[in-house]
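Residue numbers (the working numbering), protein chains in the order written: chain R, 1 to 364; chain A, 1001 to 1128.
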Amino acid sequence: MGNKTALHQWHCDNNAKLVDFSNWDMPINYGSQLQEHHAVRQAAGMFDVSHMTVVDITGDDATVYLQKLLANDVARIAQVPGKALYSAMLNEHGGVLDDLIVYRTEHGYRTVVNCATRAQDLSWLQQHSSGFDVVIRERDELAMIAVQGPQAIERVKQVVDTAAAAVIAQCDVFFSATVDEVFFARTGYTGEDGLEIILPSSQAVVLWEALFANGVVPCGLGARDTLRLEAGMNLYGHEMDETVSPLVANMAWTIAWAPETRDFIGRSAIESQRSAGVDTQLVGLVMEAKGVLRAGQSVVLPGASAGRGEITSGTFSPTLGKSIAMARVPAGIGDYCDVEIRHKRIRVNVVKPCFVRNGRSLID
Amino acid sequence: MSEVRSELKYLSSHEWARVEEDGTVTIGITDHAQDSLGDIVYVETPEINTVIAAGEQVAVVESVKAASDIYAPVSGEVFAINESLEDEPEIVNSSPYDDGWFFKIKPSDLSELDSALSADGYSAAIED
Chain R
1 MGNKTALHQW HCDNNAKLVD FSNWDMPINY GSQLQEHHAV RQAAGMFDVS
51 HMTVVDITGD DATVYLQKLL ANDVARIAQV PGKALYSAML NEHGGVLDDL
101 IVYRTEHGYR TVVNCATRAQ DLSWLQQHSS GFDVVIRERD ELAMIAVQGP
151 QAIERVKQVV DTAAAAVIAQ CDVFFSATVD EVFFARTGYT GEDGLEIILP
201 SSQAVVLWEA LFANGVVPCG LGARDTLRLE AGMNLYGHEM DETVSPLVAN
251 MAWTIAWAPE TRDFIGRSAI ESQRSAGVDT QLVGLVMEAK GVLRAGQSVV
301 LPGASAGRGE ITSGTFSPTL GKSIAMARVP AGIGDYCDVE IRHKRIRVNV
351 VKPCFVRNGR SLID
Chain A
1001 MSEVRSELKY LSSHEWARVE EDGTVTIGIT DHAQDSLGDI VYVETPEINT
1051 VIAAGEQVAV VESVKAASDI YAPVSGEVFA INESLEDEPE IVNSSPYDDG
1101 WFFKIKPSDL SELDSALSAD GYSAAIED
C-alpha cells in the first residue's frame, strides 16, 4: 500500500496492472506494454509520472546556488526564459547523486528529479543551501502527465483552451511555458516529440480523461522503460548511481567545464578522472539471436584479454524486434562481444548506445 | 480471475496438458502464467523427434519481464511444435489454451498424468 497519484482510481478502473515503484502504486501496463510502446512511437501515448519529484528554487541566489550544485551550468539558461537543461548532480567524489532536468522559470528554476532519490536529493539540496539566499520548495501538490509521440502535441492542443494551445504551438523543443497554473515542457523520456505537463493534482483527472477521449493511449512503466532504453536514455540506479562517475555513464557531454572558475560540487574529482583517463565505457548491445538481454548479465570480450563487463539495462526492443541493452565494458571494445545468458555465451553486436530516434532504427 | 479449464491437467509450474482423442498430448502454459509473464516475445520449443521425460525442463518462454522454464508433464516424443509462435509469440497471451499451444507429444505412459493436478487442484494452487 504505497503512495497514490491523483490518477490512481482511474488506473484501477481501467485495467491497470499496478506495481510498487519506490513506494508508489503505479501502473506497469494496462494490458499490453508492447502495444503501448508502439502507440508512442506511431501516434501518442500518455504516462502518469506524478511520482517524480518537482522542486522549485527561487531567491536572489538561485542561479549561483544551482551553479554550485549541478555539474551542468544553469548560466546557459539563466537569460533564456523557459529553457531546459539536463544535468547530473554530483557528490564530492564525483559520483552521480541524480540526473535531472532544470527549467528556467519566471521566478527562478524548476527541477524535476527522480522518485527513488527524492529523500536524499531534498536533504542534499537543503544541506548545501546554507549561505545562499534561496527558497527550496517541493511541489508535492502537483501531478505530472507525459504525453509523447508524433501526434502528442496536436492531441494536447485539441483538448486544452485556446490560450494554452497557442502557447504550446510556440514552444520549442527543450523549452517550457506556464499558462494559468499549468506548466508545459517540450521534454520527455521516450525519444519522441511531446510534452511533460505539470499541473495541480486537482486538475489531473480532467486532463487525462480528455486526452483519453481524444485517442491518447494510456501507457505504463513497462513501456516507459522499453522506450527510454531504445532512445539511449539512462535510468538512475542502472546506468549510474552515486558510485559511478558521469564520465563512464555517457554523461560527459552534460558537464560544463567552462568557466574554470565555476566550482561545482564534484568538480575536482571528475577533473582528476578526466586527466587520468577512464578505462570503462557505456556501450549499446544488440542481440540478433532469440532471447532477452537483462541487467546484471555478464559481458565477455573476445580474444585473449577476456576482459569482462556487465549489462546495466536490457530489454526486448519492440521497435526493432530484437533485444537491446546498455553495458559497462572496458574501454576500446570492438564491434562484438558475448553475453552469458543461462550458462550459454551468445554473440552480440556493440553499437552506440542509442537505438531508435523519432520512430526509426539507428542501427540497421 | 484467470481462466482454468476443467478438462485439462496441470503442473504447479503452470503448464497444462490436454489428452487428445488420438491419445497424443498437447502442452502449453496457463492463463495465469501468461498474465504473470506479461507480453511474451520468444518461445523456445524442443525440436521435433526429441524424447523428453516427465519433469524435465524442455522449453523456455521469455517475456519482456522474465524468462521462464517450461517442464514436461509427461514423457514421450515430440512430434509437432507450434510454428506460429515464431512470428507471433503474443498468441500465447491472447489464447493460452487454444492457438497458443507449445508442442505435442506421443506419450510413452499416459498414467504419468494421474499425478498431475486437476483443474480444481491447480485453481487452489494459484489462489495462494
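We treat Cβ as the ideally placed atom computed from N, Cα and C, and that holds for glycine.
Every value quoted in this text rests on a predicted model; they were computed, and no experiment measured them.
Range covered by the alpha helix (DSSP H) that runs through residue i
i       : result
R/W124  : R118 to Q127
R/T226  : L221 to E230
R/Q273  : R267 to A276
R/T111  : Run containing R/T111: none in the alpha helix (DSSP H); it sits in the beta strand (DSSP E), G108 to V113.
R/W10   : H8 to D13
R/Y398  : Any answer about residue 398 of chain R is impossible in this case: the structure gives chain R only from 1 up to 364.
R/S32   : From DSSP, R/S32 is part of no alpha helix (DSSP H); its letter is neither H nor E.
R/T162  : T162 to A169
A/D1087 : S1084 to D1087
A/E1127 : A1119 to E1127
Beta-bridge pairing of residue i - partner residues as DSSP gives them
i       : result
R/I311  : R/A327
R/R155  : For R/R155, which the question treats as bridged, DSSP gives no partner whatsoever.
R/R347  : R/D338
A/I1204 : Not covered by the structure: residue 1204 of chain A. The range shown for chain A is 1001 to 1128.
A/K1106 : A/E1077
R/P218  : R/M46
R/E196  : R/A146 and R/A185
A/Y1097 : BP columns for A/Y1097 are empty, so no partner.
A/W1016 : A/Y1010 and A/G1028
R/A177  : R/F184
Under 8 Å between C-beta atoms of residue i and residue j
i       : j       : result
R/E230  : R/V356  : yes
R/G222  : R/Q35   : no
A/S1075 : A/P1096 : no
R/G215  : R/R155  : yes
A/D1039 : A/N1082 : no
R/V217  : R/A84   : no
R/L227  : R/T190  : yes
R/A185  : R/Y103  : yes
R/I270  : R/S245  : yes
R/G314  : R/R342  : no
A/L1117 : A/K1009 : yes
R/V112  : R/M52   : yes
A/V1043 : A/P1089 : yes
R/V292  : A/E1062 : yes
R/Q151  : R/A43   : yes
R/L301  : R/I346  : no
A/A1119 : A/S1006 : yes
A/I1070 : A/A1054 : no
R/P330  : R/G307  : yes
A/R1018 : A/T1026 : yes
R/D56   : R/D133  : no
R/R110  : R/V19   : no
Start and end residues, beta strand (DSSP E) containing residue i
i       : result
R/Q281  : T280 to M287
R/F183  : V182 to A185
R/L85   : A84 to L90
R/V19   : K17 to F21
A/S1094 : Run containing A/S1094: none in the beta strand (DSSP E); it sits in the alpha helix (DSSP H), I1091 to S1094.
R/V96   : V96 to T105
R/V300  : S298 to V300
Below-8 Å beta-carbon distance, residue i vs any chain R residue
i       : result
A/G1038 : yes
A/Y1122 : no
A/E1044 : yes
A/V1144 : A question about residue 1144 of chain A goes unanswered here, because the residues of chain A that appear run from 1001 up to 1128.
A/E1056 : no
A/V1019 : no
A/E1127 : no
A/E1062 : yes
Proximity test, Cβ basis, 8 Å: residue i and chain A
i      : result
R/V283 : no
R/L199 : no
R/T312 : no
R/V112 : no
R/K83  : no
R/Q33  : yes
R/G222 : yes
R/V217 : no
R/K4   : no
R/T319 : no
R/N14  : no
R/V292 : yes
Beta-carbon separation (whole angstroms), residue i vs residue j, contact threshold 8 Å
i       : j       : result
R/A256  : R/D73   : 4 Å
R/V278  : R/L247  : 5 Å
R/V147  : R/M46   : 5 Å
A/L1085 : A/A1066 : Actually they do not touch by this definition, with Cβ atoms about 17 Å apart.
R/G284  : R/C354  : 7 Å
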